[in-house]
Every structure is written in structure tokens, then in C-alpha cells.
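*Asks:*
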Amino acid sequence: MKLLIIEDDNSLREIMQRALQGEGYVVETASCYFDACDKIAGYSYDCIMLDIMLPDGNGLQLLEEIKKSGKEERVIIISARDSLDDKITGLDLGADDYLAKPFYMAELSARIKSVMRRGSGSVQNSMSTGNITIDLGSRRASVAGKDVPLLKKEFDILLYFMQRPGHIVDKAVLAEAVWGDHIDMVDNFQFVYAQIKNLRKKLTEAGADTNIKAVYGFGYKFTDNEE
Amino acid sequence: MKLIHRITLRLSLILLPILLVWAVVFYYTMVGEINDETDDSLEDYAEMLVRRTLTGGELPGQSDGSNNTYSIELLPDSVHHEQIMEFKDEQVYIPEKRETEPARVLKMTFSDGEGNTYLLTVSTPTFEREDLLLAVFWHLVALYAILVVTILAVTALVFNYSMRPLYKLLEWLDNYHPGNGVDDLPTDSQTAEFKKLTESARSTIERAEKYFERQKQFIGNASHELQTPLAVLGTRIEWMIDNTQLTEEQFAELTKMRQSLHRLSRLNRTLLLISKIENAQFNEKDDVDFVELIRREAEVYEEIYGYKEIECRVELPERFVVTMDESLATTMVTNLVKNAFLHTAEGGSIIISIKDGELYVANSGDEALDATRLFDRFYTGGKSGSTGLGLALVKSIAGYYNYALKYSYNNGKHCFEVRFKG
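Chains as they are written, first to last, in the working numbering: chain A, 2 to 228; chain B, 589 to 1010.
(1) Under 8 Å, do Met50 of chain A and Ile79 of chain A count as touching if we go by C-beta distance?
(2) Is Ser70 of chain A helix, strand or coil when you go by DSSP?
(3) Which word fits Ser853 of chain B, buried or exposed, when buried means at least 16 other C-beta atoms lie within 10 angstroms of its C-beta?
(4) Is DSSP giving Asp877 of chain B helix, strand or coil here?
(5) Is Ser139 of chain A buried or exposed, if buried means 16 or more other CB atoms sit within 10 Å of its CB?
(6) Exposed or buried, Pro56 of chain A, counting other C-beta atoms within 10 Å across all chains shown (16 or more means buried)?
(7) Beta-carbon within less than 8 Å of Glu228 of chain A's beta-carbon, same chain only, minus the 5 sequence neighbours each way: which residues are those?
(8) Find out if the Cβ-Cβ distance for the pair Asp210 of chain A, Asn132 of chain A is shorter than 8 Å.
(9) Between the Cα of Glu674 of chain B and the Cα atoms of B:Gly645, B:Leu630, B:Val888, B:Thr657, which residue gives the shortest distance?
(10) Using beta-carbon positions only, say whether Leu842 of chain B and Met828 of chain B come within less than 8 Å of one another.
(11) Within 8 Å (strictly less), CB to CB, does Ile939 of chain B reach chain C?
(12) Give the secondary structure of Arg752 of chain B by DSSP, where H, G and I count as helix, E and B as strand, and everything else as coil.
(13) Write down every uninterrupted run of the alpha helix (DSSP H) in the region 934–1008 of chain B whose length is 4 residues or greater and which is fully enclosed by it, in chain order.
(14) Compute the Euclidean distance between the alpha carbons of Ile184 of chain A and Gly43 of chain A, then round it to the nearest angstrom.
(15) Spatial neighbours of Tyr967 of chain B within its chain, please: C-beta separation below 7 Å, excluding the five flanking residues on both sides.
(16) Thinking C-beta only, is Arg717 of chain B closer than 8 Å to Ile622 of chain B?
(17) Per DSSP, Leu5 of chain A forms a beta bridge with which residues?
(18) Please state whether DSSP places Tyr681 of chain B in a helix, a strand or coil.
(19) Return the first residue and the last residue of the alpha helix (DSSP H) that Val820 of chain B is part of.
(20) Check each residue of the region 907–927 of chain B: if its Cβ is closer than 7 Å to any Cβ of chain A, include it; give the result in chain order.
(21) What in chain A is Cβ-close to Val820 of chain B, meaning under 7 Å?
(22) Output yes if chain A places a C-beta closer than 8 Å to the C-beta of Gly945 of chain B; else output no.
(23) According to a CB-to-CB cut-off of less than 7 Å, which residues of the region 183–196 of chain A neighbour chain B?
(24) Can you tell me where the beta strand (DSSP E) holding Arg901 of chain B begins and where it ends?
(25) According to DSSP, is Lys147 of chain A part of a helix, a strand, or is it coil?
(26) Cα-Cα, which of B:Gly945, B:Gln847, B:Ile938, B:Phe963 is closest to Asn951 of chain B?
(27) Quick check on Ile829 of chain B - is its C-beta less than 8 Å from some C-beta in chain A?
(28) Closest by CA to Ile862 of chain B, which one among B:Glu897, B:Ile807, B:Glu880?
(29) Mind checking whether Phe162 of chain A and Phe223 of chain A have CB atoms under 8 Å apart?
(30) Quick one: is Val1006 of chain B near chain A, going by C-beta distance under 8 Å?
(31) With three or more beta-carbon pairs closer than 8 Å as the criterion, would you say the region 727–743 of chain B touches the region 692–710 of chain B?
(32) For a contact defined as C-beta to C-beta under 8 Å, what are the partners of Tyr105 of chain A on chain B?
(33) Specify the secondary structure class of Lys154 of chain A as computed by DSSP and reduced to three states.
(34) Over what stretch of residues does the beta strand (DSSP E) that includes Ile78 of chain A continue unbroken?
(35) Less than 7 Å between C-beta atoms, sequence neighbours within five positions excluded: which residues of the same chain meet that for Glu65 of chain A?
(36) Spell out whether any CB of chain B is found under 8 Å from the CB atom of Gly43 of chain A.
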């Protein structure tokens, strides 16, 4: 899998590259509009991460170029402007996803996987880790082929973990992903523990071979039991 | 005190003594004039008498109806007589009236060709003069009063008329609110000072408007610029946690760093949102059902703050639809409800209701909050952990749609009220 990161901030570009390489991708970078045009014209990539605010041009214009030239690249827009207008324009122009800065690497990685899955042409919209499989369309989870009824929040939490296997997940970040802005300023995460406890119980009862490990004081790590 | 009243008062304070002095001077000048006139006629009379005496003419009778009296007295030869001519005020017996009246008296000496010296005494009663002076006095008083009133009235009228540009300017300044743009300034005055004042006011306001605009832009730009470094920091910390061997201590430190960073990111995002609202970048018009919205939010917060065991009562109608941007409606409700849950002590109570087109969010609390600063950015009322931006955000949204937002404290409850019809 070959990725292209178009980002003008050197430090961010470098750490994104390092982190994604760590996940096994081949990563190339471009720091400006001009560079990016060159790379896109000369090579082909599976997925492009595009910062729309570049020193010498607008990323949205670049996106237009990519789509016009009929290339197959998936594009994830990365923007410092968390603006609905930009998001809509970007998606209208054919971007596959939109991620506002600052973001978590795990989030980006999950988005890349999700975009690539959609792009692989397979209609099946499901993910699996160990013997757990979840269907994103019908929002159902199953363990070893057997349905496990989950409540909405439980499903969201499981989905979040499945997108980040092996990563340590901050409970605050997890809470924010599932409960949204509501958890702003919360200092008691009792409600997260309660949901996790139920989820764990349901998964264990169904015989799942995965484990939601508590990382003390920080959050959780979702792993295959074999690891 | 209005300027016109102040000026009228001051004018009357100055005018009263000046006109009074003028009246007194005028009165005494009049008295002098009248005395002069009396003396002149006495002198003419005396001259006539002297002429007739010397030419042996017939002297007028004592009772010719003029109330004038005279006497001619031959002075003894033996003494040498100074030439005298003097006026005096005396009491004189008037035979016609048979009474004594105040009178003006002229005593003068004259000689005939034979060396005889006579003393002539002429008198004319002055009661007519007294009457005259009285009349003059009362007229003067009337004139004085009329003059003062007229001057003041005319001044007030002229002042009011001349000052109209000033009042227009004041009204214009009153109507100005920073950030709402500048209305056309009335500039029909031809007066140099008003032209200058208008010009100054306009340039000051325009400058203020520019600063306000720049301030808004600054917050927006600064927040934007912070996003990338925040992303760098977050990503790098995450990388270290995921990819390096850490001791428990290091891990704990990194975790704390990441939590602080997380807070910083939220703060920045909220600032961006406020900046966006103030730059009027929300133009979506959605029909938002507040009842549904509130039920959803209240449920989430009841779950999140479940450990506090707060009793949350919701009194809502079937539907309550407001046309506004949906994300702003959500932000407003979220922040009000979150604020209530966050600041209610364990075991407290919350009431959320919609009545008569108003949304009430009330929660129990010990003492009233500082209503003047409550909606200020970064005002946390001494509570740590709060960003102090939640209510500022609510205020910005209410301000954007011209909704009235009010805080009150009674019966041990903080009450936030949003009136939707502007």
C-alpha cells in the first residue's frame, strides 16, 4: 500500500510518515502544491492525505486536478479549518473523507483503513478481529458466526476498538468518539467503565478470543488473545 | 441635567444680577433726569418772575392752578449780598390746598438797577414727580421680568435648533454596537464644530470597528495556526506511547501530557467556533425541534453524570420548533444542559422546561453567581477544570440570533432563560 502525505508542516509530515510506515505502509511526502503535482503526475498511490492549506496553492484545487485526471487515488482531506463548508466542498469534489486537525494518529489510521476498504470494491462492509466480526451496514456484531446483541453505545465502542487493534486507547478519547462533545470537562469516567464492563461480559459470554485490556490510569488496549 | 437646562440656568444666574444692576442704574438716571427737568422749569419760572419784576410787568397770581408758589423779598441794603442760586427739597405750605407738601424750592437773589437786592423763592410741589417715579419703577420691574424671560426663551429655542446636529450625532452613537457595522451618519450640518465632531466620531467608530474586526480575525487566525502544532504534539506523543518501550513513570507522564493537550485542543476548537459565530459564518436555516433535542441531550448527560445522582425533571410541550442552524442549536442546548449537570452538586436537581416561547434550564446551587461576568469568556467563577467558554458560547449564539439570554438566582436555583423571539 502506497500513501502520499501532502502537508506543509515539516514536523507533522515527518511524524505522520513515521507513524504510517510503522503500520506497514509505503509512505511518500510532498510539502507544497508544486511538489504534490509532480508526485501525483509521476506516480500512483493508493491513498493521498491532503492538507488543503498549502503555502503555494489551495489543496481543494489539487483535489480537483486529481479527480479530473481520472486517477483512482482515494483522498482524505486534512484541514486546520474545521469548517462545514470546506468539508462539504471537499466531499463534493470527490474526497473520500475529511479529518480536522488536531487529530489522533490512530484516528487517521482507522480512516485510511476504512477508505481503502471502501475503495477495494468489495461490497462487504465488515471488519473482523480474532473471531469477532462486525457489519457496519446493519450495525451487528457476531462472535464465531453467532450474533451478539449489542446496545448502540456498546457497538460504537467495539467499532472504535476494532479500528485500532493493538493501539492504546485513551479513555477520554474513546469517550469523546462515542459520546461526542458531551464529555467535555468530565472528570469521572464511570459511564465508560459501565459500558465497557457490559461489552466485555457480552463478548466473553459469546466466547470471543479477544481481550479489552485496561491500561491503568489511561484507558484500554484491544488485542487478540494470541498476542 | 441636560445641556439646555444647564445653559438656561447659568444664563439666568448671570442675567438676573446684570439686568438688576441695569434696572437700578436706569431708575436713578430717570430720577436725576426728572429732577433736572423740575429744576429747569423752576429756573424758567423764576427768570420770568425776575424779568416781570424788573420791567414792572404784572406778576402772575398765586393761584393759577399750577400749584407753584413764589415770594419776592427785598433784602436790607446795609448788608452786602452774595449772588446766590440754590435748589432744595423742602416742605412747603400750599395755600390752595391748605396743606404742607414736599416741594422743590429755588432760592435766588437778583438786583434791580437801583441797587436793591431781592430774594426770590420759587417752589413747585413734587407729588407729581413721586407718582411719575413710581410709574417708572413698576414699568421697569415689568420690563425686567419680560426681558429675562424672553432672553431665556429665545436662547433655549435658538440653542435647541442649533444643537440638532449634536442630538442626531448622539442618537447615532447610541445606536452603534461594535461588530454590527456602521449606519450612515447624519452630516447635514454646516457648522464647523459639528462637522468636525461628526468627522471625529465617524473616524473613531470606524477605527473601533476595524480593531474589532481585526480582533475577531486574530482569534480566528491564531486558533487556526495552533491546529497544526497541536496535531504535531498529539501525534508525536501518541507515537511514543505506541512504539517505544516506556517505563510506567514515563507512560504516566506522557498520558498527562496528552490529557493536557487534549484540553488545549478542545479549548482551541471552542475558540474557533466562537470566532466563526461572531464572523456570522452560520447561515443554515433548519427547523430544529428543541423538545427532541433536549430529551436527547438530557438523556446523554444523565448517563455521563449518573454517579452524581442528580434528579433531572424535563417539562416539555409536544414540539417546539425554532428555525436556526442545527449545529448551533445543538451547541447551545448542549452547553446549557452540560453546564447544569457539571455545576450541580451530587444529589441536586435540574429542571429543564419550555414555556411561552422560552427555554428554562434551572439547577440547584448554593449562592448566586456574578451575573455581570458569568457569560464572559474564560470566566470560571473560581472553578478549576472548566474552560469558561461554555456559557460564552451560548451567549454568542444567542447574540447571533438576537435571542435574549438571562441569568437569575432565586429559591436556591440558578436559572438560565433563553427567549427565542428577538
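All C-beta atoms, glycine included, are put in the ideal place defined by N, C-alpha and C.
This structure is a prediction, so every number in the text was calculated from the model and none was measured.
*Replies:* With the structure as the only source:
(1) Yes, they are a contact pair.
(2) Three-state DSSP puts Ser70 of chain A in coil, outside helix and strand.
(3) Counting Cβ neighbours within 10 Å, Ser853 of chain B comes out buried, since at least 16 surround it.
(4) Three-state result, Asp877 of chain B: strand.
(5) Exposed, because fewer than 16 other Cβ atoms sit within 10 Å of the Cβ of Ser139 of chain A.
(6) Exposed is the call here.
(7) Its pLDDT being 49, under 50, Glu228 of chain A is placed unreliably in this model, and the coordinates cannot settle the point.
(8) Contact: yes.
(9) Selected option, being the one with the closest Cα: B:Leu630.
(10) Going by C-beta atoms, Leu842 of chain B is nearer than 8 Å to Met828 of chain B.
(11) Absent here is chain C; the protein component of the structure consists of chains A and B.
(12) Residue state, collapsed to three classes: helix.
(13) Within the region 934–1008 of chain B, the complete alpha helix (DSSP H) runs of at least 4 residues are 978–988.
(14) Going from the Cα of Ile184 of chain A to the Cα of Gly43 of chain A covers about 46 Å.
(15) Counting only Cβ-Cβ distances below 7 Å, and skipping sequence neighbours, we find Arg961, Gly976.
(16) Yes, the Cβ-Cβ distance between Ile622 of chain B and Arg717 of chain B is below 8 Å.
(17) Paired residue(s): A:Glu29, A:Ile49.
(18) Three-state result, Tyr681 of chain B: strand.
(19) Counting along the chain, the alpha helix (DSSP H) containing Val820 of chain B begins and ends at 780–831.
(20) Flagged, chain order: Thr922, Lys926.
(21) One finds Asp10, Ser12, Leu13, Ile16 in chain A with Cβ atoms closer than 7 Å to the Cβ of Val820 of chain B, taken in chain order.
(22) Judged by the 8 Å Cβ criterion, Gly945 of chain B is not in contact with chain A.
(23) Listed in sequence order: His183, Ile184, Asp185, Met186, Val187, Asp188, Asn189, Gln191, Phe192.
(24) Unbroken beta strand (DSSP E) run through Arg901 of chain B: 899–903.
(25) Residue state, collapsed to three classes: strand.
(26) The shortest Cα separation from Asn951 of chain B among B:Gly945, B:Gln847, B:Ile938, B:Phe963 belongs to B:Ile938.
(27) Chain A contact via Cβ: present.
(28) If we check each option's Cα against that of Ile862 of chain B, B:Ile807 comes out closest.
(29) The answer is yes: Cβ separation under 8 Å.
(30) No, its Cβ sits nowhere closer than 8 Å to a Cβ of chain A.
(31) The region 727–743 of chain B makes no contact with the region 692–710 of chain B; the number of CB pairs closer than 8 Å stays below 3.
(32) For Tyr105 of chain A, the C-beta contacts it makes with chain B under 8 Å involve Gly822, Thr823, Glu826, in order along the chain.
(33) The answer is helix: DSSP assigns Lys154 of chain A an H, G or I state.
(34) In the DSSP assignment, Ile78 of chain A falls within the unbroken beta strand (DSSP E) covering 75–80.
(35) Around Glu65 of chain A: Leu94.
(36) The beta-carbon of Gly43 of chain A is placed no less than 8 Å from the nearest beta-carbon of chain B.
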